[in-house]
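Reviewing the structure listed below.
There are 4 protein chains.
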Amino acid sequence: MLPVREGPLTRCPVQRGVGAEATEGKTVMETGNGQRNAGSDEQAEGAAAVPRRLLAVATRLFAEQGFDRTSVQEIVATAGVTKGAMYHYFDSKDDLLSEIYGRVLREQTDRLEKFAVTEAPLRERLASAASDVVVSSIANLDDTKIFMESMHQLDPEKRRAVRAERRRYHERFRGLIEEGQRAGEFRTDKPAEVIVDFFFGAVHHLAFWYRSDGELSAQQVGDHFADLLMSSLRPVR
Amino acid sequence: MLPVREGPLTRCPVQRGVGAEATEGKTVMETGNGQRNAGSDEQAEGAAAVPRRLLAVATRLFAEQGFDRTSVQEIVATAGVTKGAMYHYFDSKDDLLSEIYGRVLREQTDRLEKFAVTEAPLRERLASAASDVVVSSIANLDDTKIFMESMHQLDPEKRRAVRAERRRYHERFRGLIEEGQRAGEFRTDKPAEVIVDFFFGAVHHLAFWYRSDGELSAQQVGDHFADLLMSSLRPVR
Amino acid sequence: MLPVREGPLTRCPVQRGVGAEATEGKTVMETGNGQRNAGSDEQAEGAAAVPRRLLAVATRLFAEQGFDRTSVQEIVATAGVTKGAMYHYFDSKDDLLSEIYGRVLREQTDRLEKFAVTEAPLRERLASAASDVVVSSIANLDDTKIFMESMHQLDPEKRRAVRAERRRYHERFRGLIEEGQRAGEFRTDKPAEVIVDFFFGAVHHLAFWYRSDGELSAQQVGDHFADLLMSSLRPVR
Amino acid sequence: MLPVREGPLTRCPVQRGVGAEATEGKTVMETGNGQRNAGSDEQAEGAAAVPRRLLAVATRLFAEQGFDRTSVQEIVATAGVTKGAMYHYFDSKDDLLSEIYGRVLREQTDRLEKFAVTEAPLRERLASAASDVVVSSIANLDDTKIFMESMHQLDPEKRRAVRAERRRYHERFRGLIEEGQRAGEFRTDKPAEVIVDFFFGAVHHLAFWYRSDGELSAQQVGDHFADLLMSSLRPVR
DNA sequence: TATGAATGAGACTTCATTCAT
DNA sequence: TATGAATGAAGTCTCATTCAT
Numbered sequence: 001m002l003p004v005r006e007g008p009l010t011r012c013p014v015q016r017g018v019g020a021e022a023t024e025g026k027t028v029m030e031t032g033n034g035q036r037n038a039g040s041d042e043q044a045e046g047a048a049a050v051p052r053r054l055l056a057v058a059t060r061l062f063a064e065q066g067f068d069r070t071s072v073q074e075i076v077a078t079a080g081v082t083k084g085a086m087y088h089y090f091d092s093k094d095d096l097l098s099e100i101y102g103r104v105l106r107e108q109t110d111r112l113e114k115f116a117v118t119e120a121p122l123r124e125r126l127a128s129a130a131s132d133v134v135v136s137s138i139a140n141l142d143d144t145k146i147f148m149e150s151m152h153q154l155d156p157e158k159r160r161a162v163r164a165e166r167r168r169y170h171e172r173f174r175g176l177i178e179e180g181q182r183a184g185e186f187r188t189d190k191p192a193e194v195i196v197d198f199f200f201g202a203v204h205h206l207a208f209w210y211r212s213d214g215e216l217s218a219q220q221v222g223d224h225f226a227d228l229l230m231s232s233l234r235p236v237r
Numbered sequence: 001m002l003p004v005r006e007g008p009l010t011r012c013p014v015q016r017g018v019g020a021e022a023t024e025g026k027t028v029m030e031t032g033n034g035q036r037n038a039g040s041d042e043q044a045e046g047a048a049a050v051p052r053r054l055l056a057v058a059t060r061l062f063a064e065q066g067f068d069r070t071s072v073q074e075i076v077a078t079a080g081v082t083k084g085a086m087y088h089y090f091d092s093k094d095d096l097l098s099e100i101y102g103r104v105l106r107e108q109t110d111r112l113e114k115f116a117v118t119e120a121p122l123r124e125r126l127a128s129a130a131s132d133v134v135v136s137s138i139a140n141l142d143d144t145k146i147f148m149e150s151m152h153q154l155d156p157e158k159r160r161a162v163r164a165e166r167r168r169y170h171e172r173f174r175g176l177i178e179e180g181q182r183a184g185e186f187r188t189d190k191p192a193e194v195i196v197d198f199f200f201g202a203v204h205h206l207a208f209w210y211r212s213d214g215e216l217s218a219q220q221v222g223d224h225f226a227d228l229l230m231s232s233l234r235p236v237r
Numbered sequence: 001m002l003p004v005r006e007g008p009l010t011r012c013p014v015q016r017g018v019g020a021e022a023t024e025g026k027t028v029m030e031t032g033n034g035q036r037n038a039g040s041d042e043q044a045e046g047a048a049a050v051p052r053r054l055l056a057v058a059t060r061l062f063a064e065q066g067f068d069r070t071s072v073q074e075i076v077a078t079a080g081v082t083k084g085a086m087y088h089y090f091d092s093k094d095d096l097l098s099e100i101y102g103r104v105l106r107e108q109t110d111r112l113e114k115f116a117v118t119e120a121p122l123r124e125r126l127a128s129a130a131s132d133v134v135v136s137s138i139a140n141l142d143d144t145k146i147f148m149e150s151m152h153q154l155d156p157e158k159r160r161a162v163r164a165e166r167r168r169y170h171e172r173f174r175g176l177i178e179e180g181q182r183a184g185e186f187r188t189d190k191p192a193e194v195i196v197d198f199f200f201g202a203v204h205h206l207a208f209w210y211r212s213d214g215e216l217s218a219q220q221v222g223d224h225f226a227d228l229l230m231s232s233l234r235p236v237r
Numbered sequence: 001m002l003p004v005r006e007g008p009l010t011r012c013p014v015q016r017g018v019g020a021e022a023t024e025g026k027t028v029m030e031t032g033n034g035q036r037n038a039g040s041d042e043q044a045e046g047a048a049a050v051p052r053r054l055l056a057v058a059t060r061l062f063a064e065q066g067f068d069r070t071s072v073q074e075i076v077a078t079a080g081v082t083k084g085a086m087y088h089y090f091d092s093k094d095d096l097l098s099e100i101y102g103r104v105l106r107e108q109t110d111r112l113e114k115f116a117v118t119e120a121p122l123r124e125r126l127a128s129a130a131s132d133v134v135v136s137s138i139a140n141l142d143d144t145k146i147f148m149e150s151m152h153q154l155d156p157e158k159r160r161a162v163r164a165e166r167r168r169y170h171e172r173f174r175g176l177i178e179e180g181q182r183a184g185e186f187r188t189d190k191p192a193e194v195i196v197d198f199f200f201g202a203v204h205h206l207a208f209w210y211r212s213d214g215e216l217s218a219q220q221v222g223d224h225f226a227d228l229l230m231s232s233l234r235p236v237r
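Residue numbers (UniProt numbering), protein chains in the order written: chain A, 1 to 237; chain B, 1 to 237; chain C, 1 to 237; chain D, 1 to 237.
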C-alpha cells in the first residue's frame, strides 16, 4: 500500500453526488500515448484527476462487462493512462473494486443518516429514506450493479469489511422500523429484519430492470417503492 | 453441438426437485482410468450420469466462486471426469451455464403455471405462487445466486433467450396481479409491472442473505414474503 | 495395420481416372447416425464404399483447409460415417494422407510409362507426356495441392517412400530428355536434372493458380506448358 | 494490435539481405530472468532485437516443420523469450506468419523494380530479374518454402492482402514480357500470363529440391533458369 | 510521477485415438 | 463391421503484475 495513494483517496474521496453526471472517459483523447489535456487548472487538481478517472472508467466497465471480464489493459486504455500509472495509484485491480465499494457505502450511509435524524415524524423519515435510497441507487446504477454482481470477487478480508459496513447500514434502517413497531405504527407480526431484506432486495435489483429512458423517473420509482414498503408495514387488523 | 447431449438434456432434463440433495462428485472414484461403478441400475440412468454430475458440480462452484473464478479444470476434477468428457457433452463452459439457466427457468415456469391455473380464489393463487417461488428459490439457492451474478457472462444470443423466458415468467405473474386490479381486489395506483419488479427483486436477492442454518425456514420466509406482497397490494382507502 | 484394410486398398486401389468426376460426399445423407443407402448393389461393392468415400472426402478437405486444419471429426462427419468406422479402415489420420499420395503416385507413374513406351518419335513422346501430366494434374488439382502443401506432415518413413517413388518418376522423365540430348535433338548445355526440376516446379504449382472456370482449358495449359518445355530444349545455335 | 510493434516492423522492416545468416536464438542467454546482454549498441538496435529474433526463429521452424506443427512454445523457447514477450510484440501466431510474408514480398518487389528500371536492353533486364529472383529465393529458401506450404494458414483477410501483393509482382514481371512481345523480341503465341505462371511455379518450387551442399550454386541455378526462360521466349520460326 | 517491455501461470478448448460393446 | 463415450496431452492465448528507467 503506497502511502501516496492512501492519502488522496482516503482523505479526499472522489465525490460523485446523486444525479451528478459522470463525464468520465468521454473527454479522454484516444491518442494512445496517454497524453491528456494539460489545462490551467490541471495543475491544481490534476493530482486527483487520474485516480478519479480510473475509478469512473472502472465502474462503468465493471458494470457493463463484469469484474473478471474487464482487463486492466482495457481500463487504462479507456482512461487514457498507462498501466504503470494505474499501479502507481492502486495496489491492484481488486483495490479498484474496493474503492468503488467504499465510495458507495460511505455515500449511502451518509444519506441515510441525514434522513434518519430529522425532526419529521417517523413515517415520513422512513418513507423519505426509502425513496432516497431508490433515487440514489438509480443515479448510480453502475455501482448498484457491481454491488450485486461482483461482491464475490473481493478478497475475503475486504469482503468482510464491506459486509460489516453494509450490515450497519441495514441495522440503522431496521432501527427505524423497529421504532415504529414499538410505537404501534407498524405491524409486529413480521420481523423487521425480514422486511429490511425484502425491501433492499428490491432496491439492489433495480440495476437489472430500470432503464433511464423508460417511462418512470427515478423519483417516481422511489415514491412507488416507498409506498409499497409503507403499505406492507401497515398493521393488520 | 453433438446430438447426443442435445437429446437427453433437452428431452429429459435433469430433474432436481425442490429440496433434492445434489450428490455430485462425492461418490465418484478418483481412479484416473475413468471407470466408474457399473452397478445394476447404471444401465438405466447411467447414460445421463456424467452430464448430470457436471451440471450439479458446476452449479455449486459457480455459486460459490462465481463463473469466471471457476475453472473448467476445477469442475471436472470435482465431478471426477476428464476435460475431454466434459467437452463431449457440453460445447463450452458457457454452455454449462446456459443449461443451468435453462433448467431453472423451465422449472420455475412450470411451478408458476401449476399455481396459476387452480380453481382457488385469486388472492390464494397469487399468495401460493409468491410463497412457492420463495421456497423453491431457497431450495435452489445456488441457481438463484448464479442467476443474479453470472447472467452477464452468457453470450449475447443466449442472454437474450434467457431474458425472454424470464420476461414471460414475469408477465404471467403480472397477469395475476392485473386480474386482481381489474376485480377491485388490489390497489390500482401502482403499475403491476412495478410491483412485480419490486417483489422479484426481493426474491432474487434471497441468495445473498438467507442461511439454511438460520432462524427462518424456507416456508416461513415464503409466507412472510407472500404476506408482505399481499399487504402492499391492498387497496388504499 | 489391420490385414483387412491392407488387402482391399492395396490390391484394389480406388481408381479415379483422369477427368473422372468425383461424386464423393454429395450423396451422403447427413442424418448423423451414419446409416447410408443400402441399395441392392451395395452388397457387392459396399465393402469398398466407405474407405473410398473417406479418401475422397479427406482429399477434398485436406486440399481446402490443409492437413492439420482438418480434423478427423470433420472428415467422418462429411463422409457420413463414424470415427470408429474410419479407424476400422485406416490406421490413423496420417494413413489417410499416405493412401492419397500412394494413389496419385501410382497413377502418374502409370501414365508416364504409357507415353514413354510408344513407338512415336522422341519429341512427340516427351511432349505428350509433358502435356498429359499437366492435364492429369489439373484433373486432380486437390491431390496436386496436397502434394505440395502436406508432404511435411507425413511421418519420416512414409515421406521417404513417397520421395523415392517421386524420384523414380522424375528419373523416368529425365531419361527421355537425356535420350534426346544424346541424339543431338536437345540442348546439352543444361543438365537434364535442372530441366526436370524446372518443368515439374511449374506443374506442381498449377494448383495455386489454375481455375477451372478461367479462360484456359486443361488441355490448352498442357499444350502451352509442353510447348514451353520443348522450346527451352531446342539446341542453342 | 499494439502500436509498438506496428511501428518498428512496418517502418523499419527487419532487414535480412541475401545470404545474410540468421543468428537467431543461439546467442540468447537462458537466464530466465529475461535480462540480455546490454551492450553499447543495444540502445540503437536493441529495441527490435526480440521481435527480430522471433521472426527469424519462426521462419526457420515453420520451414522445417510446417506452420501447424510448430508450437508457439517451441518458437519462444528457441528464441529464448517468454510467451508473454511474444504476445507483446505479435498479435498471434498467425501474425508472425503475416510478418514473414510481408517482409518477403517487400523485398522481392524491391529487387524486381531495381532490375526493371535500368537502362539495359529488355532481354538483359528480364534475364537479370529472372536470375535474381532465383538467387534471392535460394538465399531465403525458408521463406520460399513457407510461402508455398503455409499460405492457407493465413486468415482470409491477410491471405487476400498477400495475394494482391503477389499479383502486383507478377504483373510487373509480366509487363516486361509483354514489352518484349510488342517489340517482336519474344514469341506471341503464348499468353505472357502463362509464361509467368510457368516460370514462377519453377521458382517457388526451388525449396523442395535445392540443396546448398549440392553441385549447383545459387547463381548457377539462376543462370540456368533465366536461360531456360529466355529460350522458351524465342519467337518460333 | 510515469513508462512499457517482459513475465509466467493458468485459462479454455481441440483433437487423434482407444475400447468396451 | 461399427459405435460413440471417454481419454489426456497439447494447443493458443490472456492477464495481473513487476521493474528498470
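Beta carbons: idealized from backbone N, C-alpha and C, even for Gly.
Note down the Cα distance separating residue i from residue j, rounded to an integer number of angstroms.
| i | j | result |
| --- | --- | --- |
| R160 of chain D | D68 of chain C | 21 Å |
| R167 of chain C | V76 of chain D | 37 Å |
| V236 of chain A | A202 of chain B | 21 Å |
| T118 of chain D | Q65 of chain A | 60 Å |
| Q153 of chain D | V81 of chain C | 27 Å |
| T188 of chain B | F115 of chain A | 29 Å |
| Y101 of chain C | F147 of chain C | 7 Å |
In the DSSP assignment, find the unbroken alpha helix (DSSP H) run with residue i in it and report its ends.
| i | result |
| --- | --- |
| R111 of chain A | 93 to 116 |
| E74 of chain C | 72 to 79 |
| residue 284 of chain C | Chain C is shown from 1 up to 237; residue 284 of chain C falls before or after that span and cannot be answered. |
| A85 of chain B | 83 to 89 |
Under 8 Å by Cβ, that's how I've got residue i and residue j pegged, so tell me the actual separation to the nearest angstrom.
| i | j | result |
| --- | --- | --- |
| F208 of chain B | V134 of chain B | Not confirmed; about 14 Å, so no contact. |
| L176 of chain C | L126 of chain C | 5 Å |
| T59 of chain C | D155 of chain C | Not confirmed; about 19 Å, so no contact. |
| S150 of chain C | F62 of chain C | 6 Å |
Is it buried or exposed, residue i, if we count other Cβ atoms within 10 angstroms and call 16 or more buried?
| i | result |
| --- | --- |
| K83 of chain C | exposed |
| A164 of chain B | exposed |
| Q108 of chain C | buried |
| A130 of chain D | buried |
| E215 of chain B | exposed |
| Q219 of chain B | exposed |
| Q73 of chain B | exposed |
What is the DSSP secondary structure of residue i, reduced to helix, strand or coil?
| i | result |
| --- | --- |
| L176 of chain A | helix |
| T59 of chain D | helix |
| D189 of chain C | coil |
| D227 of chain C | helix |
| G222 of chain B | helix |
| L216 of chain A | coil |
| A139 of chain C | helix |
| A205 of chain C | First, the residue type needs correcting, since residue 205 of chain C is His and not Ala in the sequence shown. Of the three classes helix, strand and coil, the one that applies to H205 of chain C here is coil, per DSSP. |
| residue 258 of chain A | Only positions 1 to 237 of chain A appear in this structure, which leaves residue 258 of chain A out of reach. |
| F198 of chain D | helix |
| residue 239 of chain C | The structure shown does not extend to residue 239 of chain C, since chain C is modelled only from 1 through 237, so no value can be given for it. |
| L126 of chain A | helix |
| A164 of chain A | helix |
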